[in-house]
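See below for the structure under consideration.
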Amino acid sequence: MTDRALADPDTPFAERVRTGWRYPLHGAALITIGAVTLFECIAFLPITGLKLLVIGLGWVAIYTYSFECLRHTADGYAEPPELAVHSEDRTSVALIMIQLVGNAMSVLAPIFFGFPGLLVSLLFAFVLPVITMSLTFDGVGAALNPTTWIAAIGRFGNAYLLLFVMMLASGLLQAGAQYAMQDRGPTFFGTVAYYLIANYLTVYNFHLMGALIHHRHEALGYRPEAMTLAEATDPDDDSALLAHVNLVARDDMPGATDILTERLREGLAPAAMHTRYRELLRAQGRVPELLVHGQIWIAALVTGRETRRALGVVQDCLDVDPTFLPDATQTCGPLADTAAHGGMTRLALHLAAGYLQTWPQDIGAPHYGLLAVRMHERLGETTQAAALARQLLIDYPGHPLTGEIEALLATLTATQKVSP
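If you number the sequence shown the way the working numbering does, the last residue is 765 and the count never jumps.
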């Protein structure tokens, strides 16, 4: 199939911008653009209320397909997808709502608020791409969290500015096309031409967002589907070694474990090898080695910015030892933050409280103490939250976070008073 052609993630994003204009002209993308445009032409029929309905349905159709193009490109595929296979999930619904709010804000804010409204529209236009992309690699909850936007933009680097410029230019081009063709040109053919341009630019913009995710997938901790496909169709030496280990493990589990131990000592190894190593250790009841490996792998994953996978290893270690904690501040801290932002409240509380207890003199201890207070509050444990907040004020007097801790403590105290 043509949509299985793979893109090179090492291609500079600027090159993807330059060559990406051809993407909407290939395969199913061109067919979809044409089909949606033809459907939108039904709006010219003289039926009351038909125009608004047709334009709305066409708008939903092109955005749903464009989001599938974003996902497909982010997963490393060079050609457009055949159809929008995820069109009914809540992520696509969230996308439609976000785009609707964004378009309404860009039009109405300058009208009602003048120059300040224009600034608000520009600010929203700046964060709209990262919100849309976050739906792909972090889900709906994280996509609506401003801290996620800031972190993601930092990981995208200067390439995000290029993306924003291209999307802003596309918006201006679309507005110009509407003025020149729909508003000033021949009523029917001018409008059809405008629909074609608008639908083309929508697919192009979403393709660029997917290309940026693909290009920066390692920094984002995102694993493109194409990588898994490539490994399945072209097994490397590690895959062969893993197959050999599985064969040996049938009769000699300790021997198979030793083979993996030697391989892991050599350096970077695929996740499947680490996972199999842990399975063998667990089957033999070698808990101390399992926890030591967990510490080493977690540290490597955090260094490689694969914090979400690292959190999975932390949880696996906690299943073995409920007191387990990453053994370094530079590992434990980022994992606590990631767990909190990802809605893993219990895990975030364990990591943040463990950080505070293990490294109370560290510069980051008050921050993670405050994070633990917030996690207690999120879990409805107001008594524990208030007690920890008071202890933080005693242990770290005059700290820059004192104001936040006092404000949170006041809220917790008020909540306790009104609670039955």
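Glycine residues also receive a C-beta, built at the ideal position from the N, C-alpha and C atoms.
Worksheet entry | Buried versus exposed call for residue 552 [16 or more other C-beta atoms within 10 Å across all chains shown] | Within the sequence shown, residue 552 is the residue found at index 207, counting from 1. By the 10 Å Cβ count, residue 552 comes out buried.
Practice prompt. Tell me whether residue 696 sits in a helix, a strand or coil according to DSSP, three-state version.
Written response: Position 351 of the sequence shown, counted from the first residue, corresponds to residue 696. Of the three classes helix, strand and coil, the one that applies to residue 696 here is helix, per DSSP.
Discussion item. Is the separation between the beta-carbon of residue 475 and that of residue 439 shorter than 7 Å?
Written reply: As a working note, residue 475 is residue 130 in the sequence shown. As a working note, residue 439 is residue 94 in the sequence shown. Result no, Cβ atoms of residue 475 and residue 439 do not sit closer than 7 Å.
Worksheet item: Between residue 465 and residue 494, what straight-line distance do the alpha-carbon atoms span, to the nearest angstrom?
Response: Taking the first residue of the sequence shown as 1, we reach residue 465 at position 120. Taking the first residue of the sequence shown as 1, we reach residue 494 at position 149. Each residue's Cα considered, the two are about 16 Å apart.
Worksheet item: With distances taken between CB atoms, is the gap from residue 500 to residue 564 smaller than 7 Å?
Response: Along the sequence shown, one-based indexing puts residue 500 at 155. Along the sequence shown, one-based indexing puts residue 564 at 219. Yes, these two residues count as a Cβ contact at 7 Å.
Worksheet entry | Proximity of residue 426 and residue 549 at Cβ, strictly below 7 Å | In the sequence shown, the residue the question calls residue 426 occupies position 81. In the sequence shown, the residue the question calls residue 549 occupies position 204. No, they are not a contact pair.
Discussion item. Quick check: residue 566 and residue 650, are their CB atoms within less than 7 Å of each other?
Written reply: Taking the sequence shown and counting its residues from 1, the one referred to as residue 566 is at position 221. Taking the sequence shown and counting its residues from 1, the one referred to as residue 650 is at position 305. Closer than 7 Å, so yes.
Discussion item. So the candidates are 601, 513 and 409; which of them puts its Cα closest to the Cα of residue 628?
Written reply: For the purposes of this step, residue 628 is identified with residue 283 of the sequence shown, where counting begins at 1. Answer by Cα proximity: 601.
Worksheet item: DSSP three-state call for residue 741: helix, strand or coil?
Response: As a working note, residue 741 is residue 396 in the sequence shown. Residue 741 carries a coil assignment under DSSP once its states are collapsed to helix, strand and coil.
Worksheet item: Could one say the Cβ of residue 610 lies closer than 7 Å to chain D's Cβ atoms, at least one of them?
Response: You won't find chain D in this structure, because it holds only one protein chain.
Fill in: Buried versus exposed call for residue 456 [16 or more other C-beta atoms within 10 Å across all chains shown]
Taking the first residue of the sequence shown as 1, we reach residue 456 at position 111. Under the 10 Å beta carbon count, residue 456 is surrounded by fewer than 16 other beta carbons and is classified as exposed.
Practice prompt. Check whether the Cβ atoms of residue 698 and residue 684 lie closer than 7 Å to each other.
Written response: Taking the first residue of the sequence shown as 1, we reach residue 698 at position 353. Taking the first residue of the sequence shown as 1, we reach residue 684 at position 339. No. Outside cutoff.
Item to complete: Can you tell me which of the three DSSP states residue 351 falls into?
Response: The residue given as residue 351 occupies position 6 in the sequence shown. It is a strand residue.
Worksheet item: Are the beta-carbon atoms of residue 673 and residue 681 separated by less than 7 Å?
Response: For the purposes of this step, residue 673 is taken as residue 328 along the sequence shown, with counting starting at 1. For the purposes of this step, residue 681 is taken as residue 336 along the sequence shown, with counting starting at 1. Between residue 673 and residue 681, the gap from beta carbon to beta carbon reaches 7 Å or more.
Worksheet item: Near residue 350, which residues of its chain fall below 6 Å by C-beta distance, leaving aside the five closest residues on each side in sequence?
Response: Taking the sequence shown and counting its residues from 1, the one referred to as residue 350 is at position 5. Same-chain partners within the cutoff: 423 and 424.
Worksheet item: For residue 559 versus residue 421, is the C-beta distance shorter than 7 Å?
Response: In the sequence shown, residue 559 corresponds to position 214, counting from 1. In the sequence shown, residue 421 corresponds to position 76, counting from 1. Yes, these two residues count as a Cβ contact at 7 Å.
Discussion item. Just to confirm, is the Cβ distance from residue 760 to residue 728 under 7 Å?
Written reply: By 1-based counting over the sequence shown, the position of residue 760 is 415. By 1-based counting over the sequence shown, the position of residue 728 is 383. No, these two residues do not count as a Cβ contact at 7 Å.
Worksheet item: residue 567 by DSSP, collapsed to three states: which one?
Response: Counted from its first residue, the sequence shown places residue 567 at position 222. Three-state DSSP puts residue 567 in coil, outside helix and strand.
Worksheet entry | Whole-angstrom C-beta distance between residue 508 and residue 572, which should lie under 8 Å | The residue given as residue 572 occupies position 227 in the sequence shown. The residue given as residue 508 occupies position 163 in the sequence shown. In fact, because the Cβ distance is near 22 Å, the residues do not count as touching under 8 Å.
Worksheet item: Taking the DSSP output, what are the residues bridged to residue 422?
Response: Here residue 422 corresponds to residue number 77 of the sequence shown, with the count starting at 1. The partner list for residue 422 (beta bridge, DSSP) reads 351.
Worksheet item: Using the rule of at least 16 other Cβ atoms within 10 Å of the residue's Cβ for burial, across every protein chain shown, is residue 595 buried or exposed?
Response: Counted from its first residue, the sequence shown places residue 595 at position 250. So residue 595 ends up on the exposed side.
Worksheet item: Alpha carbon to alpha carbon, how far is residue 401 from residue 510?
Response: As a working mapping, residue 401 is identified with position 56 in the sequence shown. As a working mapping, residue 510 is identified with position 165 in the sequence shown. Taking the straight line joining both Cα atoms gives about 27 Å.
Item to complete: For residue 544, count neighbouring Cβ atoms within 10 angstroms of its own Cβ and tell me buried if that reaches 16, exposed if not.
Response: Along the sequence shown, read from residue 1 onward, the residue named residue 544 stands at position 199. The residue in question, residue 544, is buried, as its Cβ has 16 or more Cβ neighbours within 10 Å.
Fill in: Complete runs of the alpha helix (DSSP H) confined to the region 462-533 [at least 4 residues]
Entirely contained in the region 462-533, the alpha helix (DSSP H) runs reaching 4 residues are, in chain order, 484-488, 491-501 and 503-522.
Worksheet item: Hey, how far is the Cα of residue 361 from the Cα of residue 556?
Response: Translated into positions along the sequence shown, residue 361 becomes position 16. Translated into positions along the sequence shown, residue 556 becomes position 211. If you take the alpha carbons of residue 361 and residue 556, they lie about 7 Å apart.
Worksheet item: Where does residue 623 land, buried or exposed, given buried means 16+ other C-beta within 10 angstroms?
Response: As a working note, residue 623 is residue 278 in the sequence shown. The residue is buried, with at least 16 neighbouring Cβ atoms inside 10 Å.
Item to complete: Rank 642, 679, 648 and 676 by C-alpha distance to the C-alpha of residue 661 and give the top, closest one.
Response: Looking up residue 661 in the sequence shown gives position 316. The candidate whose alpha carbon is nearest that of residue 661 is 642.
Worksheet item: Nearest-angstrom Cα distance between residue 723 and residue 526?
Response: Counting from 1 along the sequence shown, the entry for residue 723 is found at position 378. Counting from 1 along the sequence shown, the entry for residue 526 is found at position 181. Each residue's alpha carbon lies about 53 Å from the other.
Worksheet item: For residue 750 versus residue 733, is the C-beta spacing smaller than 7 Å?
Response: If you number the sequence shown from 1, residue 750 lands on position 405. If you number the sequence shown from 1, residue 733 lands on position 388. No, the Cβ-Cβ distance between residue 750 and residue 733 is not below 7 Å.
Worksheet item: Could you give the distance in angstroms between the alpha-carbon of residue 620 and the alpha-carbon of residue 745?
Response: Within the sequence shown, numbered from 1, the residue matching residue 620 stands at position 275. Within the sequence shown, numbered from 1, the residue matching residue 745 stands at position 400. One C-alpha to the other measures close to 42 Å.
Worksheet entry | C-alpha distance - residue 441 paired with residue 656, whole-angstrom precision | The sequence position of residue 441 within the sequence shown is 96, counting from 1. The sequence position of residue 656 within the sequence shown is 311, counting from 1. Rounded to the nearest angstrom, the two C-alpha atoms are 31 Å apart.
Item to complete: Assign residue 561 to buried or exposed, taking buried as 16 or more other Cβ atoms, counted over all protein chains shown, within 10 Å of its Cβ.
Response: To locate residue 561, count along the sequence shown from 1; it is residue 216. By the 10 Å Cβ count, residue 561 comes out buried.
Discussion item. Report the start-end ranges of each alpha helix (DSSP H) in the region 711-758 that is 4 residues or longer and not cut off at the edges.
Written reply: 727-740
Discussion item. Here's the rule: buried if 16 or more other CB atoms are within 10 angstroms of the residue's CB, otherwise exposed. What is residue 383?
Written reply: Position 38 of the sequence shown, counted from the first residue, corresponds to residue 383. Result: exposed.
Discussion item. At the level of alpha carbons, what is the spacing between residue 516 and residue 523?
Written reply: As a working mapping, residue 516 is identified with position 171 in the sequence shown. As a working mapping, residue 523 is identified with position 178 in the sequence shown. Cα to Cα, residue 516 sits roughly 11 Å from residue 523.
Worksheet item: By how many angstroms is the C-alpha of residue 473 removed from the C-alpha of residue 491?
Response: On the sequence shown, position 146 is the one that residue 491 refers to. On the sequence shown, position 128 is the one that residue 473 refers to. If you take the alpha carbons of residue 491 and residue 473, they lie about 11 Å apart.
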